[in-house]
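Numbering (our numbering), first residue to last: 1 to 580. Since the structure comes first, as structure tokens, the remarks are kept for the end.
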């Protein structure tokens, strides 16, 4: 029958995976897993699709959002050069990112404005949580969960939180620009008060460049950091356990695969007391989990200071260092399902946004250029959004598995047999282990289908069953943007004048700029007749620093105004509209 065949297949997969991994591993090299087959055939959806538009995942790609020619030391696996990190404003076009994230959210909901789109998201969430057809209510708390895995001890200057030159510099993680785009939508367009928004990675610190980018524009948001200094807020533990793991101590151990049984965890109150979560991981492969996306992001949501006690629930708990602990195949306990099914994590999430501007080959690696189409040896320069966590995990898994094959020099972790086992189990209880009932609240009620799992038809077309009108699985909507790239500008990439935000505005708006090297710069405002009406900045500016300035037009009449940045005989201008 189906169940027996499933476990026979798992046993075969287990043998093949261990054999292939052992014979592909050499000293001081990245382990290479042989290309693997999936349990599900292409376009065979399982589970129940979620969302306003069932099973919808929106993918926006714009190669101009990232600097294709970012300097790197390609002789090293850790190829980021100090002072040239991918996360710097000079390497990411904020105007383009704003448009990408805005287009994604509007297409997900089929609304014309960001305000309407977010209202639709909150109303759909509240209807499905017994709150009725109501949108966001004033005073409700939002926690934006990010991935800041590199921000650990020893990586920053203790007096300033500035990132230091060390081996974790430039690891792929959530882009601060994507989060800034979401903040602008929530605060400036939807009207959420800043003080009701918290952001961060509960186990980690917050680098100065990240903190400054967000707080310079939104000074009242709460920035989470394990060290409550310099404007940051430390997480506080919930009074009671917030999650109970469904293996009930049989799999999870304090030391990963050894030690005392682990049955529960506490979460910070910024999660337990939040009304809504927004989940924004970076798209990466993973040495222990095969992939790390919206589900594994929550490994860092407990307050133990480490996630090692959860590793036993993954496909490769000890990476390849101990082959005897490998857990490939299907039908095994997967801790990600508990995290996805938790009422306080997956159950509170109003939007899943996978940041793939700078996707990575492993959790601790820098971003990698992808060879698969449409990237063709460039950065992924993409964002993915969905209301269906299982669907967005499925789509991003397909991208990672297609890219990181046995021929990829940076590893092939998504090829571990069963790397998608947790996605299947989150979709359909038919794929659960016979001795496991997923009940992360420990209240006697097992979780239902958390969404729809499906694999695309092929890497070239990337079509799912709803795209092909052959099933009720995933619908992947692709939006390709074509705008002027950073490299196409005939002056250095770091010379950037960003579009004011919001625009139109009344009476204040924010204007940001960067310059390629230190020197005198001026940011001035002109009316349509060319008359200078305000000077926002005039003096020495630092290279690469993001300057964010507020223009208060309270005393001016409605109309068109021009912001102009002057530096080293170059000028950049942007049109602004004041509507009173």
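Heads up, the beta-carbon is just placed ideally off N, CA and C, and yes, glycines get one too. All values reported here derive from a predicted model rather than from experimental measurement.
Handout entry: residue 103 - DSSP class collapsed to helix/strand/coil
Key = DSSP places residue 103 in helix when its eight states are reduced to three.
Exercise for the section: Taking only the alpha-carbon atoms, compute the straight-line gap between residue 225 and residue 530 and give it to the nearest angstrom. Expected result: The alpha-carbon atoms of residue 225 and residue 530 are separated by roughly 46 Å.
Handout entry: Rounded Cβ spacing between residue 350 and residue 57 (contact assumed at less than 8 Å)
Key = Beta-carbon to beta-carbon, residue 350 and residue 57 are separated by about 16 Å, too far to satisfy the 8 Å threshold.
Problem - Enclosing alpha helix (DSSP H) for residue 393 [first to last residue] - result: Counting along the chain, the alpha helix (DSSP H) containing residue 393 begins and ends at 389–403.
Exercise for the section: State whether the stretch 201–210 contacts the stretch 123–138, with contact taken as three or more CB pairs (one from each stretch) at a distance under 8 Å. Expected result: No, the stretch 201–210 does not touch the stretch 123–138.
Handout entry: Sub-9 Å separation of residue 150 and residue 274 beta-carbons
Key = With respect to residue 274, residue 150 sits apart: the two C-beta atoms are not nearer than 9 Å.
Problem - Bounding residues of the alpha helix (DSSP H) (the contiguous stretch that carries residue 461) - result: It is not in any alpha helix (DSSP H) - residue 461 carries neither H nor E in the DSSP assignment.
Practice task
Specify the secondary structure class of residue 540 as computed by DSSP and reduced to three states.
Solution key: Three-state result, residue 540: strand.
Exercise for the section: Taking only the alpha-carbon atoms, compute the straight-line gap between residue 28 and residue 77 and give it to the nearest angstrom. Expected result: Its pLDDT being 40, under 50, residue 28 is placed unreliably in this model, and the value from its coordinates should be taken loosely. One C-alpha to the other measures close to 12 Å.
Practice task
For residue 294, count neighbouring Cβ atoms within 10 angstroms of its own Cβ and tell me buried if that reaches 16, exposed if not.
Solution key: With 16 or more other Cβ atoms inside 10 Å of its own Cβ, residue 294 counts as buried.
Exercise for the section: Report the residue ranges of all alpha helix (DSSP H) runs contained in full by the stretch 97–185; include only those spanning at least 4 residues, in chain order. Expected result: Entirely contained in the stretch 97–185, the alpha helix (DSSP H) runs reaching 4 residues are, in chain order, 114–127, 176–183.
Practice task
Would you kindly work out how many angstroms separate the C-alpha atoms of residue 575 and residue 562, rounded to a whole number?
Solution key: Roughly 5 Å between the two C-alpha positions.
Handout entry: Rounded C-alpha distance that separates residue 279 from residue 102
Key = Straight-line Cα distance between these residues: approximately 16 Å.
Practice task
Report yes if the CB atom of residue 242 is closer than 9 Å to the CB atom of residue 266, and no otherwise.
Solution key: Yes, the pair counts as a contact, with Cβ atoms nearer than the cut-off.
Exercise for the section: Quick one: grab the DSSP three-state call for residue 547. Expected result: In the structure shown, residue 547 adopts extended strand secondary structure according to DSSP, grouped into three states.
Problem - residue 571 versus residue 94: straight-line alpha-carbon distance, rounded - result: Taking the straight line from one Cα to the other gives about 18 Å.
Handout entry: Alpha-carbon to alpha-carbon, residue 194 and residue 218
Key = Those two C-alpha atoms are separated by around 7 Å.
Practice task
Report buried or exposed for residue 155, applying the criterion of at least 16 other Cβ atoms within 10 angstroms of its Cβ.
Solution key: Buried, by the Cβ-count rule.
Problem - Boundaries (first-last residue) of the alpha helix (DSSP H) holding residue 341 - result: Start and end: 335–341.
Problem - Own chain partners of residue 392 with C-beta closer than 7 Å, once the 5 adjacent residues on each side are dropped - result: These residues qualify, in order along the chain: 57, 294, 352, 354, 384, 386.
Problem - Sequence-distant residues of the same chain with beta carbon closer than 8 Å to residue 6, five excluded per side - result: Since pLDDT at residue 6 reaches only 49, below the 50 mark, its modelled position is unreliable, and the value read off the structure follows with that caveat. The answer, listed in chain order, is 39, 330, 331, 431.
Handout entry: Whole-number beta carbon distance between residue 513 and residue 468, since they are thought to touch under 8 Å
Key = Between residue 513 and residue 468 the Cβ distance is about 46 Å, and since that is not below 8 Å, they are no contact.
Problem - In DSSP terms, what residue 406 is bridged to - result: According to DSSP, residue 406 bridges with nothing at all.
Practice task
Express the C-alpha separation of residue 80 and residue 568 in angstroms, rounding to a whole number.
Solution key: So the two alpha carbons sit approximately 29 Å from each other.
Practice task
State the Cα-Cα distance for the pair residue 560 and residue 526, rounded to the nearest angstrom.
Solution key: For residue 560 and residue 526, the distance between alpha carbons rounds to 9 Å.
Handout entry: Which residues DSSP lists as bridging residue 563, in chain order
Key = Bridge partners of residue 563 according to DSSP: 525, 574.
Exercise for the section: Output yes if chain B places a C-beta closer than 9 Å to the C-beta of residue 132; else output no. Expected result: No chain B appears in this structure, which consists of one protein chain only.
Exercise for the section: Could you check if residue 361 is buried or exposed, using at least 16 other CB atoms within 10 Å of its CB as the buried criterion? Expected result: Counting Cβ neighbours within 10 Å, residue 361 comes out buried, since at least 16 surround it.
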